[in-house]
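Asks:
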Amino acid sequence: MTEPMIEVRDFRKTYGDFTAVDGISFAVNRGEIFGLLGPNGAGKTSTLESLEGLREPNGGELRISEVDPTREPRKLRNVIGVQLQTSGLPESITVNEAMEFFCAYHGVPANYELLDRLGLSEKRKTQYHQLSTGQQRRLSLALAIAHEPAVLIMDEPTAGLDVATRVELHKIMREQQAKGTTIVLATHDMAEAEEMADQIAILLKGKIVARGTPMEITATGAGMTKVSVRTQESSLFDDGVEFPAVTSSSSKEAYRIFFTTDIGPTVAGIIEYAESHNDPLIDLRVERPSLEDRFLEITTDGGAA
Amino acid sequence: MTAFAHHFSFEFRIGIRNRQLLFLMYMFPLVFYLFMGILFAEIDPLFGERLVPAMVVFTILAATLLGMPDSLVKAREDGIYRSYKINGVPSTSILAIPALTTMLHTAIVSLIIIVTAPLLFDAHLPTDWVSFAAVFVAVAFASAGLGLLIGVVAPNSRSTVLLSQLVFLPSMLLAGLTIPLSQLPEAFLSISRLLPATHGMNAFNGLAMGLAADFEPWASVVVLLIGGLFSFALASYLFSWDSQNSTRRGHPLLAILALVPYFVGILLI
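These protein sequence lines map, in sequence, to chains V and H.
Counting from 1, one number per residue, gives the positions in the first sequence under our numbering.
Counting from 1001, one number per residue, gives the positions in the second sequence under our numbering.
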């Protein structure tokens, strides 16, 4: 049974004459990872900051676990955890002091075990500015989840991290999700959103222009599916080779590449052609349009897609 | 330990770990004290009477006006207040704790001066220690309030330096730290009473050092305490967690109201 943890209805945020967010609505269920995507200035930060209780909406309703972020800030602070993109910590605070300080304000005991799990056990007495970027992010995440919030808001959690640390953070996100934590993930990294998010909303000029699972969003685009084929005798390189639904083709190294609007007939045609020319298939790869392709398609045509 | 105690504890340690704060709260006042002690022992033998209060007031000014405001602005610009707000740190703690820890640092430096000044420079010690402590608290409270207010309204680090110097430099010249108030031209006397340091020196001299005050010393203590309350109240009202300092309840110029108790002091004392 789905249980909405975050409910946003007709949310508006303006700054003077400028409308940053223009009446958006969405809901996030318990245990879901919700990706909030959009180019700079799309309204992501205003939405996140309003959910965090930092900004007051100019219209609409926000609820996190039935808490109104604007009217009930004391309740909110124990419901949400926020991993900020920027430090948010004094540069000379030590890892231990930061854990003790934040836990004290949340009214929970310092969770040193979490520091150990996040690979910070040997850095407990190290000052924040002496940590590497990856260690700073892990500390920020530890502080955000130390009081076991029901909702975790993450703003660009893996920006600037190496691959190993990124994978590690994704693993921790999955662990949190398994515990039932709802995660809002704002990111510019489309691969990360595609891999991690259960639901995605793409914001553009303050409006949601696409919403759904990563598969649903990529499936609705006008992007072509790419079929790359390599055969033993290279018969697909012959002049005049055509297949159903193919709109264009090219070649790279030993591969013939076809762009198709309908994958089934195209692949069937390729296999039939190769068999009829006694040319065994060595490799056949099908690549659907990525979330990044779809994101670019949406954001470059102003959301008309 | 309570959240407040944790916050106070690490904020105090940061004052020692942070090189800029360490310099402005410890090194700068102590080096200046040694310099003044050596210099004035030669040119003004009577300076020994007011060396301790003058250097204690200088220590308070350096820490609260030069050290504290910039660290407040930097914390805001770095998004630390944003993070504090999200995690439930109240704005009263954000303002009160740096003020209290700064006062504690100045108390430590003041103790060093009090212990060493008679040995090094044959300086006079207070004749009334209780009054000395009370005046110290009043001066530190008033000056910390002004420092907080500067940190809250300054849009960036550069402006912080400018605003701080608007109080710090006149204090050095007109508050009686180096030149006694009685030797100042008449025109500067009223201006000098707009400064917490002037009231501090007057109260130290009249109530704690056994020297003649230039005007009613208890009135100076009252002005300092009310001035401090005004500054803290205004800093609390104008405080913004926003790193852009764009979401506050009133116009920054309201900060000028912090001078009201000092203006009233000029009229009444």
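Don't be surprised by glycine CBs; every beta carbon is placed ideally from N, CA and C.
Note that the structure is predicted; figures quoted are calculated from it, not measured.
How long is the line joining the alpha carbons of A1003/H and A1096/H, rounded to whole angstroms?
Replies: Approximately 13 Å between the Cα atoms of the pair.
Asks: Which full runs of the beta strand (DSSP E) of 3+ residues lie inside the region 169 to 256 of chain V, going along the chain?
Replies: 182 to 186, 199 to 204, 207 to 212, 225 to 231 and 246 to 252
Asks: Would you tell me roughly how many angstroms separate the C-alpha atoms of E1011/H and A1258/H, rounded to the nearest one?
Replies: 26 Å
Asks: Please state the DSSP three-state secondary structure of N40/V.
Replies: coil
Asks: Return the chain-ordered list of same chain residues with a C-beta closer than 6 Å to the C-beta of A305/V, the five sequence neighbours on each side being excluded.
Replies: Residue confidence is low: A305/V scores 43 on pLDDT, short of 50, so the model does not pin down where it sits. Its coordinate-derived value is still stated next. So the qualifying residues of the chain are E297 and I298.
Asks: Should the region 1066 to 1078 of chain H be called in touch with the region 1033 to 1051 of chain H, which here means at least 3 C-beta pairs below 8 Å?
Replies: Touching, no, given that fewer than three Cβ pairs across the two stretches are closer than 8 Å.
Asks: In terms of residues, what are the limits of the beta strand (DSSP E) holding Q83/V?
Replies: I80 to Q83
Asks: Would N1202/H count as contacting chain V if we go by Cβ distances under 8 Å?
Replies: no
Asks: Looking at L36/V: is its Cβ nearer than 8 Å to the Cβ of L185/V?
Replies: yes
Asks: On the DSSP bridge assignment, give the partners of E7/V in chain order.
Replies: A27/V and R63/V
Asks: DSSP puts V21/V in a beta bridge; with which residues?
Replies: Partner(s): K13/V.
Asks: Are any of the Cβ atoms in chain V nearer than 8 Å to that of T1092/H?
Replies: no
Asks: Using a Cβ-Cβ cut-off of 6 Å (strictly less than) and excluding sequence neighbours within five positions of E287/V, which residues of its own chain qualify?
Replies: K226
Asks: Strictly below 8 Å CB to CB, what residues from chain V border T1127/H?
Replies: By Cβ distance, chain V contributes nothing, its closest Cβ being about 41 Å from T1127/H, past 8 Å.
Asks: Give the residues from the region 137 to 169 of chain V that approach chain H closer than 7 Å (Cβ to any Cβ), ordered along the chain.
Replies: none
Asks: Apart from the five residues just before and just after S228/V, which ones in its own chain have a Cβ nearer than 7 Å to its Cβ?
Replies: Y255, I257 and R285
Asks: Around the C-beta of Q1244/H, are 16 or more other C-beta atoms found within 10 angstroms, so that it is buried, or is it exposed?
Replies: exposed
Asks: By Cβ distance, which residues of its chain are closer than 6 Å to A27/V, with the 5 residues on each side in sequence left out?
Replies: Its chain contains P4 and E7 as the residues whose beta carbon lies nearer than 6 Å to that of A27/V, once the 5 sequence neighbours on both sides are disregarded; these appear in chain order.
Asks: According to DSSP, is T260/V helix, strand or coil?
Replies: strand
Asks: Quick one: what does DSSP say A304/V is sitting in, helix, strand or coil?
Replies: No answer about A304/V holds up, because its pLDDT of 47 lies below 50 and its placement is not dependable.
Asks: Checking contacts by CB at 8 Å: is H106/V closer than that to chain H?
Replies: yes
Asks: Just the chain H side, please: which residues come within less than 8 Å of R77/V by C-beta, in chain order?
Replies: In chain order: I1086, N1087 and G1088.
Asks: Identify whether Q1244/H lies in helix, strand or coil by the three-state DSSP scheme.
Replies: Coil, per DSSP.
Asks: Alpha carbons only, please: which of V1153/H, T1059/H and A1187/H is nearest the one belonging to L1253/H?
Replies: V1153/H
Asks: Which same chain residues, not among the five before or five after K75/V, have their C-beta less than 8 Å away from its C-beta?
Replies: V67
Asks: For the region 81 to 105 of chain V, which residues have a CB atom closer than 7 Å to at least one CB atom of chain H, in sequence order?
Replies: V82, L84, T86, S87, G88, L89, P90, S92, I93, E97, E100, F101, F102, A104 and Y105
Asks: Applying the 10 Å Cβ sphere with the 16-neighbour rule, what's the burial state of M1001/H?
Replies: exposed
Asks: Pairs of beta-carbons, one from the region 1138 to 1150 of chain H and one from the region 1158 to 1170 of chain H, closer than 8 Å: are there three or more?
Replies: yes
Asks: Nearest chain H C-beta to R74/V closer than 8 Å, yes or no?
Replies: Residue contact with chain H for R74/V: present (Cβ-Cβ distance below 8 Å to some residue of chain H).
Asks: Among L84/V, A146/V and L131/V, which has the Cα closest to the Cα of E113/V?
Replies: A146/V
Asks: What does DSSP give as the partner residues of Q127/V in its beta bridges?
Replies: T94/V
Asks: If T182/V sits next to R30/V, beta carbons under 8 Å apart, how far is it from one beta carbon to the other, in whole angstroms?
Replies: 6 Å
Asks: Nearest chain H C-beta to L54/V closer than 8 Å, yes or no?
Replies: yes
Asks: Return helix, strand or coil for D1070/H, following the three-state DSSP convention.
Replies: helix
Asks: Between the region 1099 to 1113 of chain H and chain V, which residues of the former have CB atoms less than 7 Å from a CB of the latter, in chain order?
Replies: none
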